[in-house]
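In what follows, a single structure is set out as structure tokens and then discussed.
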Amino acid sequence: MISIVIPTYNNLDYLKLCLKSLKQNSIFDHEIILHINDGSDGTLNFAINNNYKHTSSQKNIGLCSSINKAAKLVSNEYILYSHDDMYFCPEWDKVLFSEVYSLKDDKFYLSGTMIESNSGHIVHDFGIDLKSFKENELLKKYKDINFYDHQGSHFAPHLVSKRMWNLVGGFSEEFNPGIASDPDFNMKLWKQGVRIFKGLNDFKVYHFGSLTTRKKKNFIQNRGDKTFLKKWGITTKFFKKYYLRSKTKYNGPLNDPKLTIGYIVGLISCKIQSIFTF
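To convert, take the position in the sequence shown, counting from 1, and add 1118; that gives the working numbering.
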């Protein structure tokens, strides 16, 4: 089965909905592990009273550190990372397992297709918050609104093997509180020979839209894009375009970038930006 890791930061009502969707819309019984930042809204008591496996911190330690702490409790072969404001559509895990079993090894990164009211892979308004959430309508329509299996998605929810997670050391904590941590994780997997970065159309989640990052008074944006540039010598935009080929239709494992004029000019631009980035 899968170990589902969910970091949360005083977002109890949305977390409850996420957990409800996992309970009612999963085919299999999965391990759920929370990391609770602060928890003064009742999240910590909720986890204890309902016997959820969890780690916790008295303050918000950042997304990357939260995921890494929770992942130390993982007991299953596969790790799935989810936001706490995601609603999992029915049979999501059946779709994932079907894909996993079709692959020859564990060098993969599989992700879902996000439905959001204003962005995401599929733009469809099933509510912008809990009060306006149209759950029954979503359950009736989610199979009929489609994107396609796509290349290079770095969006949560995503699944990797525990072996690959440990091999790359999980998320890089210099990216706390989280901006650009996903493409950095992808790059670490790429360096280990992973070439299957596949977003599955039939693995759908409804996402309310990074609610924690909207709490501007409690959330400090990091310089993640600049950290990525200094670390890898290219921008996240360049990586997603020429390596992951993000959001293009999936047509098999990725290859190393072709040395086109666009690639060379873009690479030179990245190197220049890197020199002048502090």
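Glycine included, C-beta positions come from ideal geometry on N, C-alpha and C.
Beta-carbon spacing of residue i, residue j below 7 Å
i, j, result
"Asp1224", "Ser1271", "no"
"Leu1198", "His1172", "no"
"Ser1235", "Phe1273", "no"
"Asn1319", "Phe1244", "no"
"Asp1159", "Leu1133", "no"
"Asn1168", "Ser1121", "no"
"Asn1254", "Ser1183", "no"
"Phe1321", "Val1213", "yes"
"Tyr1260", "Cys1207", "yes"
Cβ shell of residue i (< 7 Å), same chain only, five flanking positions each side left out
i, result
"Lys1334", "Confidence is the limiting factor: at Lys1334 the pLDDT is only 45, short of 50, which leaves the residue's position unreliable, though a coordinate-based value still follows. None."
"Leu1135", "Tyr1205 and Leu1248"
"Lys1141", "none"
"Tyr1170", "Ile1150 and Leu1152"
"Met1305", "Trp1350 and Phe1357"
"Thr1354", "Ala1298, Pro1301, Asp1343 and Phe1346"
"Arg1363", "Gln1269, Gly1270 and Leu1372"
"Ala1189", "Val1123, Ile1197, Trp1283 and Gly1288"
"Met1119", "Phe1146, Asp1147, His1148, Glu1149 and Asn1194"
"Ser1290", "Cys1182, Ser1299 and Asp1302"
"Glu1292", "Thr1345"
"Ser1175", "Asn1155"
"Ser1139", "Tyr1205 and Phe1206"
"Gly1311", "Lys1225"
Burial state of residue i (16 or more Cβ within 10 Å)
i, result
"Thr1366", "exposed"
"Gln1269", "buried"
"Thr1161", "buried"
"Asn1186", "buried"
"Leu1221", "exposed"
"Arg1332", "Unreliable positioning characterises Arg1332 in this predicted model, as indicated by a pLDDT of 46, which lies under 50. A coordinate reading is not provided."
Cβ neighbours of residue i in the same chain (closer than 6 Å, five flanking residues each side left out)
i, result
"Gly1384", "Phe1356"
"Ile1314", "Phe1226 and Pro1371"
"Phe1394", "none"
"Asn1336", "Residue placement at Asn1336 is flagged as unreliable, the pLDDT there being 49, under the threshold of 50; a coordinate-derived value is accordingly withheld."
Where residue i falls: helix, strand or coil (DSSP)
i, result
"Gln1142", "helix"
"Val1312", "coil"
"Ile1297", "coil"
"Leu1162", "helix"
"Lys1365", "coil"
Can you list the beta strand (DSSP E) stretches of 3 or more residues lying completely in the segment 1183-1258, in chain order? 1196-1199, 1204-1206 and 1226-1234
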